[in-house]
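Asks: Here the numbering used here is used: the sequence shown runs in plain steps of one and ends on residue 622. Note that the Cβ used here is the ideal one computed from N, Cα and C, for glycine as well.
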Amino acid sequence: MREALRGLTTRGRSFLAAALAAALSALLLGEKDLLRVAILLGVLPLLAALYVGRSRYKLACSRSLQPHRVPVGASSRVVLRLQNMSRLPTGTLLLEDRLPYALGSRPRVVLERLGAHQASSVAYTVRADIRGRYEVGPLVIRLTDPFGLCELTRAFPSVDSLTVIPQVTPLPSVRLTGEYAGTGESRARSVAVHGEDDAATREYRRGDDLRRVHWKSTARTGELMVRREEQPWESRATVVLDTRSFAHRGEGPTASFEWAVSAAASIAVHLRQAGYKLRLVSDSGIDITANEAGGEGLLLDRLAEVRLNKHADVATLVERVRQRSDGGLVIALLGALTTTEAELLAGLRGSGATCIAFLIDSSTWLNLTPEVRAEANHAHAAAALGLMQSGWRVVSVEHGSKLPALWPQAARGSQGFAWRAVLAETVAGGVR
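Dropping the structure here:
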């Protein structure tokens, strides 16, 4: 009751002040009728406080998000269901759901009185242009009496999560050669992908049976190699996301990093739907395999929260990929590279992997002077040439590029003799 009295509105406090003034006047003037008026003015706010105070503990609220996972730019519908659990009707209710700034302004909905054990639902929509995980709630309800003399606020503790995932773009079907990894009875496929001598071997790992040591490959490589005789054939792919903060440019939803995240999501979903055993790796701690039920959702949820990392570097990225690498496809979404970093990425060409790089020229996200633009083009061409010389297929990405248009180049590699010569000439020209 004490808390309810603290919730008296300006009108309610005015009634009490008028009641006190009328009572004093009645005592001074000896007017009994005026005293009755004072009692009436004083009782009304107290009854309102009692009414609101009792009803505030008899409400139940639930919230549902439809859906709870949406792509960037899409809307989700939030449904609030409020139920009066008491036998007393409520007054007018003002509902306000707390939202983060990225989801827009806080919705305010007026709900008319609820009768005894009556329930009512209200809905509103939210939309986010920036991926991430956002908390919706808690719900704040302002309870008032029919005369507006008392108003109390109640916050429900429940909070729901809305995940805004990257935009996933459908990609055309292309033949990506070199995607098979593992061994098994199909030796012809193994030879076609890996070669005759080392088609069914890999580096020795602790716990491997020494009877599986392949001595011919061990003698040739200088490292202990074992046969992979019982590993089933499957299509494998590793999607690598470069999160180095200094490798990307631009801000907000149009930044080069957002292009890379959306491309990683699109490629991962496309390959998984094509039957690949998929792995997603970044240099900021992501390393997940999306093969079990619900794996696609898990992958997109992680990409919804990935951020640029100022401490990330290419050496760490290469090491993370190689920890569990076993051939197949490696598709990397890379920001700006130096020639030294391009040489480090050559380490991913081991284990018979086919490596494809979507090399983002992040300088095209900036307005540069002609001199600075020429230097940036030279650095980008040098990095692309370094990757190609180490066996990578390279697809150059500029501001405004569309992934579906670039995707077929992943099969061809876009690194024929003509393009390689152009890059070499560009790099040589920059040196002169």
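Give the straight-line distance between the Cα atoms of alanine 239 and phenylalanine 337, rounded to the nearest whole angstrom.
Replies: 11 Å
Asks: Check whether the region 196–207 touches the region 230–239, taking contact to mean three or more Cβ pairs, one atom from each stretch, closer than 8 Å.
Replies: yes
Asks: If we require 3 or more residues per run, which beta strand (DSSP E) segments fall completely within the region 300–369?
Replies: 309–317, 322–326, 329–334, 341–345 and 350–355
Asks: What's the C-alpha gap between alanine 209 and leucine 304?
Replies: 31 Å
Asks: Taking leucine 361 as the reference, which of Asp473, Thr530, Gln463 and Asp503 has the closest Cα?
Replies: Gln463
Asks: Can the beta-carbon of valine 316 be found closer than 8 Å to that of serine 265?
Replies: yes
Asks: At the level of alpha carbons, what is the spacing between serine 472 and leucine 414?
Replies: 29 Å
Asks: Does arginine 392 come out as helix, strand or coil in the three-state DSSP assignment?
Replies: strand
Asks: Measuring straight from C-alpha to C-alpha, what distance separates arginine 602 and histidine 570?
Replies: Arginine 602 and histidine 570 have their alpha carbons spaced roughly 20 Å apart.
Asks: Could you give the DSSP three-state label for lysine 467: helix, strand or coil?
Replies: strand
Asks: In the DSSP assignment, find the unbroken alpha helix (DSSP H) run with threonine 529 in it and report its ends.
Replies: 529–534
Asks: To test your reading of the DSSP string, which unbroken alpha helix (DSSP H) runs of 4 or more residues are found completely within the region 523–604?
Replies: 529–534, 560–579 and 593–602
Asks: Decide yes or no for the touch test of the region 542–557 against the region 432–445: beta carbon pairs closer than 8 Å, at least 3 of them.
Replies: yes
Asks: Between arginine 402 and threonine 353, which are expected to be in contact by the criterion C-beta below 8 Å, what is the C-beta distance as a whole number of angstroms?
Replies: 44 Å between Cβ atoms; not a contact.
Asks: Pull up the distance between the alpha-carbon of leucine 329 and that of leucine 255, whole angstroms please.
Replies: Annotation: leucine 329 to leucine 255 spans about 14 Å, alpha carbon to alpha carbon.
Asks: Measure from the alpha carbon of arginine 344 to the alpha carbon of each residue in Arg332, Val496 and Pro297, then state which is nearest.
Replies: Nearest option by C-alpha distance: Arg332.
Asks: What residue range does the alpha helix (DSSP H) around aspartate 473 cover?
Replies: No alpha helix (DSSP H) holds aspartate 473; DSSP gives it neither H nor E.
Asks: Strictly by DSSP, which residues pair up with methionine 415?
Replies: Glu393
Asks: Let me know if leucine 230 comes out buried or exposed under the rule of 16 or more other beta-carbons within 10 Å of its beta-carbon.
Replies: exposed
Asks: For proline 443, I'd like the list of residues in its chain whose CB is within less than 8 Å of its CB, leaving aside the five on either flank, ordered along the chain.
Replies: Val262, Asp319 and Ile320
Asks: Just the Cα atoms here: how many angstroms apart are serine 310 and arginine 271?
Replies: 6 Å
Asks: Does DSSP put valine 242 in a helix, a strand or coil?
Replies: helix
Asks: Considering only DSSP beta bridges, list what leucine 270 is partnered with.
Replies: Beta-bridge pairing links leucine 270 to Arg253 and Val312.
Asks: Could you check where the alpha helix (DSSP H) with valine 260 kicks off and where it finishes?
Replies: First-last for valine 260: 259–261, but that is the beta strand (DSSP E), not the alpha helix (DSSP H).
Asks: Based on the DSSP secondary-structure assignment, which residues constitute the bridge partners of arginine 402?
Replies: Answer is none; arginine 402 lacks a bridge partner.
Asks: Which residue wins for smallest C-alpha separation from serine 452, given the options Glu495, Arg396, Arg395 and Leu293?
Replies: Nearest in C-alpha terms to serine 452, of all of Glu495, Arg396, Arg395 and Leu293, is Glu495.
Asks: From leucine 534 to valine 430, what distance separates their C-alpha atoms?
Replies: When rounded, the distance between both Cα atoms is 14 Å.
Asks: Three-state secondary structure (DSSP) at threonine 433?
Replies: coil
Asks: Out of Val227, Ala250 and Val242, which has the shortest C-alpha to C-alpha gap to cysteine 340?
Replies: Val242
Asks: I'd like the list of long-range same chain contacts for glutamate 393, defined as Cβ closer than 7 Å, with 5 residues on each side in sequence excluded.
Replies: Glu413 and Met415
Asks: May I ask you to report which of helix, strand or coil DSSP gives valine 459?
Replies: helix
Asks: CB-CB under 7 Å to arginine 365, same chain, minus the five flanking residues each way: which ones, in chain order?
Replies: Ala601
Asks: So the beta strand (DSSP E) threonine 479 belongs to, where does it begin and stop?
Replies: First-last of the beta strand (DSSP E) with threonine 479: 477–479.
Asks: When the cut-off is 8 Å and only beta carbons count, does phenylalanine 205 lie next to chain C?
Replies: Given the protein chain composition of this structure (a single chain), no chain C is represented.
Asks: Look up glutamate 286 in the DSSP assignment and give the residues it is bridged to.
Replies: Arg298 and Val330
Asks: Do you know offhand how far serine 407's Cα is from threonine 428's?
Replies: Taking the CA atoms as reference points, serine 407 sits about 26 Å from threonine 428.
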